[in-house]
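Q:
Number of protein chains: 4
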Amino acid sequence: MKYSFKNDYAEGAHPRILEALIQSNLIQQNGYGLDEYSLNAENIIRQKINNPKSKVHFVSGGTQANLIVISAFLRPHESVVAAATGHIFTNESGAIEATGHKVHGIETSEGKIYPDDIQKIIDVHQNKPHQVKQKLVYISNSTEVGTIYSKKELIDLYQFCQERNLYLFVDGARLGHALTAENNDLTLEDFGKYTDAFYLGGTKNGALIGEAIIINNESLQEEFGFHLKQKGAMLAKGRLLGIQFQELLKDDLYFDLAKQANQQAMKIKDAFTQVGCKFLSETFTNQIFPILTDSQIEQLSINFDFYVWKKLDNEKSAIRLITSWATTNEIIEKFTTEIKNLK
Amino acid sequence: MKYSFKNDYAEGAHPRILEALIQSNLIQQNGYGLDEYSLNAENIIRQKINNPKSKVHFVSGGTQANLIVISAFLRPHESVVAAATGHIFTNESGAIEATGHKVHGIETSEGKIYPDDIQKIIDVHQNKPHQVKQKLVYISNSTEVGTIYSKKELIDLYQFCQERNLYLFVDGARLGHALTAENNDLTLEDFGKYTDAFYLGGTKNGALIGEAIIINNESLQEEFGFHLKQKGAMLAKGRLLGIQFQELLKDDLYFDLAKQANQQAMKIKDAFTQVGCKFLSETFTNQIFPILTDSQIEQLSINFDFYVWKKLDNEKSAIRLITSWATTNEIIEKFTTEIKNLK
Amino acid sequence: MKYSFKNDYAEGAHPRILEALIQSNLIQQNGYGLDEYSLNAENIIRQKINNPKSKVHFVSGGTQANLIVISAFLRPHESVVAAATGHIFTNESGAIEATGHKVHGIETSEGKIYPDDIQKIIDVHQNKPHQVKQKLVYISNSTEVGTIYSKKELIDLYQFCQERNLYLFVDGARLGHALTAENNDLTLEDFGKYTDAFYLGGTKNGALIGEAIIINNESLQEEFGFHLKQKGAMLAKGRLLGIQFQELLKDDLYFDLAKQANQQAMKIKDAFTQVGCKFLSETFTNQIFPILTDSQIEQLSINFDFYVWKKLDNEKSAIRLITSWATTNEIIEKFTTEIKNLK
Amino acid sequence: MKYSFKNDYAEGAHPRILEALIQSNLIQQNGYGLDEYSLNAENIIRQKINNPKSKVHFVSGGTQANLIVISAFLRPHESVVAAATGHIFTNESGAIEATGHKVHGIETSEGKIYPDDIQKIIDVHQNKPHQVKQKLVYISNSTEVGTIYSKKELIDLYQFCQERNLYLFVDGARLGHALTAENNDLTLEDFGKYTDAFYLGGTKNGALIGEAIIINNESLQEEFGFHLKQKGAMLAKGRLLGIQFQELLKDDLYFDLAKQANQQAMKIKDAFTQVGCKFLSETFTNQIFPILTDSQIEQLSINFDFYVWKKLDNEKSAIRLITSWATTNEIIEKFTTEIKNLK
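Same order as they appear, the protein sequences are chains H, D, V and S.
When we follow our numbering, the leftmost residue of the first sequence carries the number 10, and every step to the right adds one.
When we follow our numbering, the leftmost residue of the second sequence carries the number 10, and every step to the right adds one.
When we follow our numbering, the leftmost residue of the third sequence carries the number 10, and every step to the right adds one.
When we follow our numbering, the leftmost residue of the fourth sequence carries the number 10, and every step to the right adds one.
Here you go:
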């Protein structure tokens with residue numbers, strides 16, 4: 010059986026999470042997110058982001074978080090601006106459009122968008138009311154290609170959005186990995202301060218399922234529960250989400266797991282660098298994109314599974330490798346040994 | 010702390026499910042429902058319903074199952090016929106309408122609908138194309154008020170639907186409880202034969218989360234995965250759902266748990282009957298609706314939690330009591346003792 | 010060729026309207042509702058309703074007006090309360106639900122709804138956020154069964170809506186007929202004062218097409234044009250609508266035409282009354298519902314066309330007769346003569 | 010008052026259309042498109058496109074035609090491929106997305122798309138079911154930038170669509186202008202043969218309002234009326250549309266008007282060419298895009314109104330000039346004289 014580097018959700022949950030489920034299992038709780046675990050997890054998040062007025066809602070996955078947040082925030086004629094690599098633009102089967110909203114995709118070199126990109130979209134949509142009105146900016150951190158935003162970049166985006174009356178929403182499916190990357194200068198508090206809403210991903214960082222949606226902008230908090238219910242996201246046993254986030258957040262397990270995933274990726278990155286390999290883009294999170302020859306890819310494929318991400322020419326392609334909290338040192342050693350033996 | 014009879018999702022999961030999660034935890038699997046547990050659970054279901062051509066999809070909750078099935082099956086101008094007590098009509102925050110479809114609600118005495126009821130709706134919608142076209146009949150078994158359909162009733166409905174070119178879809182959030190009720194004459198195989206689609210509820214019968222959607226009508230199976238993804242229902246760790254249903258179904262744990270819940274409810278029912286109490290409707294599943302005086306309700310409320318369901322007059326109301334797989338004999342004894350002491 | 014009393018849109022337009030189209034035909038105008046005729050018609054309406062802050066938008070038909078107003082005013086989880094006879098509930102092919110909103114239908118005796126009816130709907134939707142939130146009350150005046158609201162009834166509804174934070178929207182497809190009925194005590198100004206929005210129907214009162222949507226509630230006026238455009242309602246040659254309403258409203262042609270239609274209906278009503286005929290409901294507008302025997306219906310059907318509205322027993326049915334601005338005295342004489350000869 | 014070349018809908022209707030409205034005005038007709046004029050116009054169209062099995066529906070405008078056709082043809086997970094200049098991509102305020110469907114925009118040099126462009130979109134959407142499924146190709150003829158498709162181009166597109174199981178839908182808001190352009194080799198019959206559906210625009214070619222949707226693909230014809238009704242497009246007085254198309258089509262008035270508009274544009278084009286002016290793209294229909302200096306633009310703006318379409322550099326911009334059936338020789342002479350005097 011090959012070891013898979015295809016994604017960061019190939020295993021179950023971190024053992025501490027399973028343990029927490031077992032410990033709490035027979036304690037009766039209210040349904041639909043009103044259990045004490047969810048309420049406690051919300052409080053922990055408010056403290057960690059240092060924003061006592063934020064509201065927190067737990068949902069089961071990223072596409073669900075994206076479609077509910079966006080459809081709840083926008084009026085029918087309002088649209089979303091995102092990177093063309095953004096998960097909502099290409100990988101959610103039209104989930105946002107299915108709620109009635111256009112998504113403008115910006116071509117980028119590294120999956121990140123900037124005020125100028127957004128302004129260009131706005132500039133060509135001035136024929137009101139014949140064109141949709143841009144109202145929400147969607148970014149991911151870390152991005153779908155493993156890169157991260159700097160503090161200055163986030164603040165610039167937020168200020169731009171504030172000035173243009175746009176909402177800034179951050180897809181944080183891998184926010185833990187972003188915040189523990191060696192080149193990161195952002196904190197969780199910054200996301201409580203410089204976004205209208207964001208979410209903290211559990212699925213890709215040790216939970217069985219679960220994303221924590223955090224709404225900072227008070228005008229967007231009202232009646233959010235209706236949207237959760239209407240889109241089928243309000244779990245009867247909301248405790249399942251509350252328990253997991255309570256456990257992940259109570260002593261920084263969340264960040265420890267993400268950091269570990271990043272470190273394992275960096276070991277692989279180092280091994281490739283040592284054998285002279287280049288990368289599609291430079292990343293410091295748990296996704297790396299080494300450029301290999303077809304024969305090198307074939308060689309690594311014998312014992313390991315991964316996606317060939319992008320064909321570059323007749324001989325070379327970039328592959329995508331993703332590590333997780335569950336990637337062991339043993340696997341890393343085995344894999345880096347193979348890398349060092351690549352011809 | 011009061012013991013709650015408010016619902017059947019107050020606890021976590023049956024211990025065997027937690028055990029199965031632990032055992033499988035570090036085995037890498039494909040994402041998005043392509044894990045071996047989900048594939049295996051699908052096969053078990055096909056065998057149990059004796060329909061090798063059925064397709065099975067696992068989702069996290071009932072509202073999600075309802076909205077995805079209905080929006081996937083219908084074209085924009087088609088509508089749904091349901092009981093006015095039906096979950097989709099009153100308790101899903103407009104989830105079906107949010108996908109663009111009207112739901113016609115039929116007033117019923119016991120939560121069940123019959124061909125004549127549906128025909129009446131069709132009869133008053135003959136002004137085509139000025140009125141919506143009825144295309145799908147939604148029933149719940151057991152119903153939202155604890156009653157169940159007989160085999161003859163199901164077959165009559167299915168034949169009527171076949172003749173009228175309607176789909177028959179069964180919400181089986183509590184199908185286990187229906188099929189193990191003492192007055193039941195239906196089998197799981199009947200649902201593989203006499204419905205276009207149905208689902209088998211896990212959340213209310215021992216799972217952490219999860220409903221298994223089963224599509225029998227082959228013309229409705231095509232491209233269903235797109236709808237799951239688009240509505241945010243396709244879990245990255247679909248294994249969480251597969252493992253649970255595999256465990257619940259492999260040796261009839263599913264039916265054992267439902268039967269136990271029903272039996273606990275029947276013990277309570279007997280106790281009320283013995284003290285001369287009447288019921289809002291006669292039920293044999295895990296929901297019972299005894300009619301009590303306000304002072305009796307007050308008395309029982311000291312140690313137990315439940316919903317006052319319907320005020321009947323100035324003195325009496327029906328309460329709703331729900332038992333589950335987790336309702337212990339100890340609790341039942343304590344509660345029935347209190348019932349027998351009611352004045 | 011039989012003369013038809015089936016509806017009030019069997020002919021083209023009042024000749025003055027055609028004349029106005031001819032006179033203005035070659036004058037170049039801005040597109041999309043920015044022509045001088047539309048702007049002028051908006052001003053005339055503001056004056057007539059005595060509300061200088063109202064905004065007016067012209068669209069081509071009633072279903073279009075209803076779906077745009079309702080979808081523009083509501084957030085996704087909000088619903089509409091209407092009479093079960095309301096046009097949006099039964100005769101628009103699910104147009105409102107297609108925009109994502111549930112419509113609650115209230116059974117009524119005469120097509121009119123009252124605060125108590127609405128309160129009952131609200132009372133059974135208190136399980137938040139599991140049930141939709143009622144936000145807009147839709148009434149028609151005259152109603153779909155020809156009845157009208159009194160001033161007290163309208164004010165009561167509006168005050169109730171204000172107290173409950175609901176919008177009141179009036180479908181005025183036949184508002185002209187309502188306001189010129191002999192039992193009417195409302196004025197056009199009242200609709201500028203006691204509604205959040207309403208529309209003034211042209212199609213059924215002498216125009217080729219056209220309804221004038223009037224939004225009184227300033228918080229609902231913003232960015233309405235986007236909704237018109239998005240739903241395909243913004244005509245390139247908006248002048249077609251502006252010219253017609255300018256002509257209809259400049260010297261009360263609109264009310265003269267409606268009054269004439271009513272008077273013709275009353276002549277028919279009198280003739281039926283004289284021969285001892287009863288009516289399904291008592292109406293004073295251009296719709297009447299006499300109850301006839303099957304043989305009487307057969308007799309009248311030889312030279313006239315109309316709908317059999319409701320079968321009452323084995324011998325009798327109510328028919329529906331609609332008159333219009335184009336119903337001549339000659340026709341009325343011929344028809345009433347036949348009525349008086351009924352056995 | 011300046012003469013406007015801003016669009017082809019600045020005037021009312023061709024006088025023969027007004028005359029036809031007057032002649033038919035008091036003849037009673039069925040409502041909702043079942044009038045004899047609409048039925049007759051449908052027959053004329055079937056003959057002209059030589060496809061007796063096509064179905065025809067008349068609606069009031071282009072955005073309405075686009076959104077109804079597309080939402081009626083597609084299932085929720087299916088998407089549309091269009092040019093980035095396509096009307097649905099940029100100029101309909103998100104009308105298609107509001108019905109739930111993503112539109113992929115292809116960057117083009119001249120507003121036209123080819124099989125290779127579409128294939129590229131399909132190629133990057135192979136991750137099923139995580140990405141939308143392309144199902145309908147939307148093209149405009151003439152395009153939004155005045156260019157037209159050749160017969161070979163249309164047939165190639167249609168064959169490609171047939172092979173890929175895609176629908177081909179043509180926005181013919183200016184189809185008359187395309188078919189009467191001097192470089193055109195397509196016929197109306199070709200559109201009855203090489204498309205699944207298309208529409209024939211009236212608004213921009215002499216009608217007050219109106220587009221004729223023609224559905225050739227029989228599998229897409231069924232129950233189309235429901236969609237018209239649900240989207241508010243079914244006019245009570247459908248006669249207004251039927252009369253106009255009957256008149257436009259009965260002796261080729263439609264093509265005469267379009268041809269005249271084109272000829273007037275070509276006279277302007279010649280004048281610009283004579284003074285050495287270049288064009289943004291070479292067009293032979295009623296839209297031309299001459300490139301002028303800012304001072305030339307200023308000079309022409311004194312007596313004429315038009316859009317500055319695209320700024321090319323610090324000195325030059327392309328302007329857009331649109332002629333119509335109503336553009337007189339007198340105006341053309343006055344304008345070309347001014348052109349010849351440009352410095």
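C-beta atoms are modelled at their ideal positions from N, C-alpha and C, and glycine is treated no differently.
Taking DSSP as the reference, what is the three-state secondary structure of S326/V?
A: Mapped onto the third sequence, residue 326/V falls at position 317. Strand, per DSSP.
Q: Round the Cβ separation of K144/D and Y176/D to the nearest angstrom and send it over; I've been treating them as touching at under 8 Å.
A: Here residue 144/D corresponds to residue number 135 of the second sequence, with the count starting at 1. Here residue 176/D corresponds to residue number 167 of the second sequence, with the count starting at 1. K144/D to Y176/D, Cβ: 6 Å. Contact.
Q: For E87/S, does the three-state DSSP call read helix, strand or coil?
A: The residue you call residue 87/S lines up with position 78 of the fourth sequence. Note: E87/S maps to strand in three-state DSSP.
Q: According to the neighbour-count rule (16 or more other Cβ atoms, all chains shown, within 10 Å of its Cβ), is D17/S buried or exposed?
A: Against the fourth sequence, residue 17/S aligns to sequence position 8. So D17/S counts as buried.
Q: Alpha carbon to alpha carbon, how far is K137/S from Q305/H? Give it in angstroms, no decimals.
A: As a position in the first sequence, residue 305/H is number 296, starting the count at 1. As a position in the fourth sequence, residue 137/S is number 128, starting the count at 1. For Q305/H and K137/S, the distance between alpha carbons rounds to 28 Å.
Q: Could you check whether I53/H and K259/H sit closer than 8 Å to each other, using their CB atoms as the reference points?
A: Translated into positions along the first sequence, residue 259/H becomes position 250. Translated into positions along the first sequence, residue 53/H becomes position 44. For K259/H and I53/H, yes; Cβs fall inside 8 Å.
Q: If you compare alpha carbons, which of T292/D, T332/D and L330/D is closest to K121/D?
A: Locating residue 121/D in the second sequence gives position 112, where the first residue counts as 1. Among T292/D, T332/D and L330/D, the Cα nearest to that of K121/D belongs to T292/D.
Q: Taking 8 Å as the cut-off, does the stretch 308–326 of chain V touch the stretch 254–269 of chain V (at least 3 CB pairs, one atom from each stretch)?
A: No, the stretch 254–269 of chain V is not in contact with the stretch 308–326 of chain V.
Q: I'd like to know whether the C-beta of S88/H is nearer than 8 Å to at least one C-beta of chain S.
A: As a working mapping, residue 88/H is identified with position 79 in the first sequence. Yes - at least one Cβ of chain S is within 8 Å of the one on S88/H.
Q: At what residues does the alpha helix (DSSP H) containing S80/S begin and finish?
A: On the fourth sequence, residue 80/S is found 71 positions in, with the first residue counted as 1. G71 to F82 is the extent of the alpha helix (DSSP H) around S80/S.
Q: So the beta strand (DSSP E) D180/S belongs to, where does it begin and stop?
A: Along the fourth sequence, read from residue 1 onward, the residue named residue 180/S stands at position 171. D180/S -> beta strand (DSSP E) spans Y176 to D180.
Q: Which two residues bound the contiguous beta strand (DSSP E) that contains K144/D?
A: As a working note, residue 144/D is residue 135 in the second sequence. Residues K142 to S149.
Q: Is the Cβ of Q140/V closer than 8 Å to any Cβ of chain D?
A: Residue 140/V sits at position 131 when you count from the first residue of the third sequence. By this cut-off, Q140/V is an interface position.
Q: From the DSSP output, read off the bridge partner residues of S13/D.
A: Residue 13/D sits at position 4 when you count from the first residue of the second sequence. Bridge partners of S13/D: D314/D.
Q: Under DSSP, the beta strand (DSSP E) around H236/V begins and ends at which residues?
A: Along the third sequence, read from residue 1 onward, the residue named residue 236/V stands at position 227. Element bounds for H236/V: not the beta strand (DSSP E) but the alpha helix (DSSP H), F233 to Q239.
Q: Given a cut-off of 8 Å on the beta-carbon distance, is the pair T108/D and I79/D in contact?
A: Counting from 1 along the second sequence, the entry for residue 108/D is found at position 99. Counting from 1 along the second sequence, the entry for residue 79/D is found at position 70. Cβ atoms of T108/D and I79/D: closer than 8 Å.
Q: Is K246/V close to chain S, meaning its C-beta is less than 8 Å from at least one C-beta of that chain?
A: Taking the first residue of the third sequence as position 1, residue 246/V is located at position 237. Yes, K246/V counts as interfacial toward chain S.
Q: Quick one: using the 10 Å Cβ neighbour count with 16 as the cut-off for buried, is D125/D buried or exposed?
A: Along the second sequence, read from residue 1 onward, the residue named residue 125/D stands at position 116. Burial call: exposed.
Q: State yes or no: is the beta carbon of G42/V nearer than 8 Å to at least one beta carbon in chain H?
A: Within the third sequence, numbered from 1, the residue matching residue 42/V stands at position 33. It does not: the Cβ of G42/V has no partner Cβ on chain H nearer than 8 Å.
Q: List, in order along the chain, the chain V residues whose C-beta lies closer than 9 Å to that of H110/D?
A: Stepping through the second sequence from its first residue, residue 110/D is reached at position 101. Simply G103, E106 and A107.
Q: Is there a Cβ of chain S sitting closer than 8 Å to that of N16/V, yes or no?
A: Residue mapping note: residue 16/V aligns to position 7 of the third sequence, counting from 1. True, the Cβ-Cβ gap to chain S drops below 8 Å.
Q: With a CB to CB cut of under 6 Å and the five nearest residues on each side skipped, what residues in its chain are close to N49/S?
A: As a first step, residue 49/S is located in the fourth sequence; it is residue number 40 there, counting from the start. Around N49/S: Q255.
Q: Does any CB atom of chain S fall closer than 8 Å to the CB of F235/D?
A: One-based indexing of the second sequence puts residue 235/D at position 226. It does: the Cβ of F235/D has a partner Cβ on chain S nearer than 8 Å.
Q: Identify which residue in I105/V, F82/V, S88/V and L83/V has its Cα closest to the Cα of S102/D.
A: For the purposes of this step, residue 102/D is identified with residue 93 of the second sequence, where counting begins at 1. Of the candidates I105/V, F82/V, S88/V and L83/V, the one whose C-alpha sits nearest the C-alpha of S102/D is S88/V.
Q: Would you mind listing the beta strand (DSSP E) stretches within the stretch 188–268 of chain H that are 3+ residues and don't spill past its ends, in chain order?
A: Segments of the beta strand (DSSP E) lying fully in the stretch 188–268 of chain H: 206–210 and 220–224.
Q: Out of S149/S, Q128/S and L35/S, which one is the CA nearest neighbour of S13/V?
A: Along the third sequence, one-based indexing puts residue 13/V at 4. Nearest of S149/S, Q128/S and L35/S to S13/V, Cα basis: L35/S.
Q: Assign M10/D to one of two classes, buried (16 or more other C-beta atoms within 10 Å of its C-beta) or exposed (fewer than that).
A: The residue given as residue 10/D occupies position 1 in the second sequence. Exposed, because fewer than 16 other Cβ atoms sit within 10 Å of the Cβ of M10/D.
Q: With distances taken from CA atoms, which of G71/V, H113/V and V65/V is nearest K213/V?
A: Start at 1 with the first residue of the third sequence, and residue 213/V comes out as number 204. When only C-alpha atoms are compared, the closest one is G71/V.
Q: Can you tell me whether DSSP reads H96/D as helix, strand or coil?
A: Taking the first residue of the second sequence as position 1, residue 96/D is located at position 87. Here H96/D sits in helix by DSSP.
Q: Okay, do the stretch 52–67 of chain D and the stretch 200–207 of chain D touch, 3+ Cβ pairs below 8 Å being the bar?
A: The answer is yes - the stretch 200–207 of chain D touches the stretch 52–67 of chain D, with three or more Cβ pairs under 8 Å.
Q: For a contact meaning CB atoms closer than 7 Å, what does T99/H contact in chain S?
A: Residue numbering aside, residue 99/H sits at position 90 when the first sequence is read from its first letter. Those are Q140, listed as they occur along chain S.
Q: Check whether the Cβ of P24/H lies closer than 8 Å to any Cβ atom in chain S.
A: Looking up residue 24/H in the first sequence gives position 15. So no, P24/H is outside the interface.
Q: Is the shortest distance between the beta-carbon of S118/V and the beta-carbons of chain H less than 8 Å?
A: Your numbering for residue 118/V matches position 109 in the third sequence. With 8 Å as the cut-off, S118/V does not count as an interface residue toward chain H.
Q: What is the rounded straight-line gap between the Cα of H96/S and the Cα of H139/S?
A: In the fourth sequence, counting from the first residue as 1, residue 96/S sits at position 87. In the fourth sequence, counting from the first residue as 1, residue 139/S sits at position 130. For H96/S and H139/S, the distance between alpha carbons rounds to 27 Å.
Q: Taking F281/D as the reference, which of P299/D, Q269/D, S47/D and A190/D has the closest Cα?
A: Locating residue 281/D in the second sequence gives position 272, where the first residue counts as 1. Checking every option, the nearest Cα to that of F281/D belongs to P299/D.
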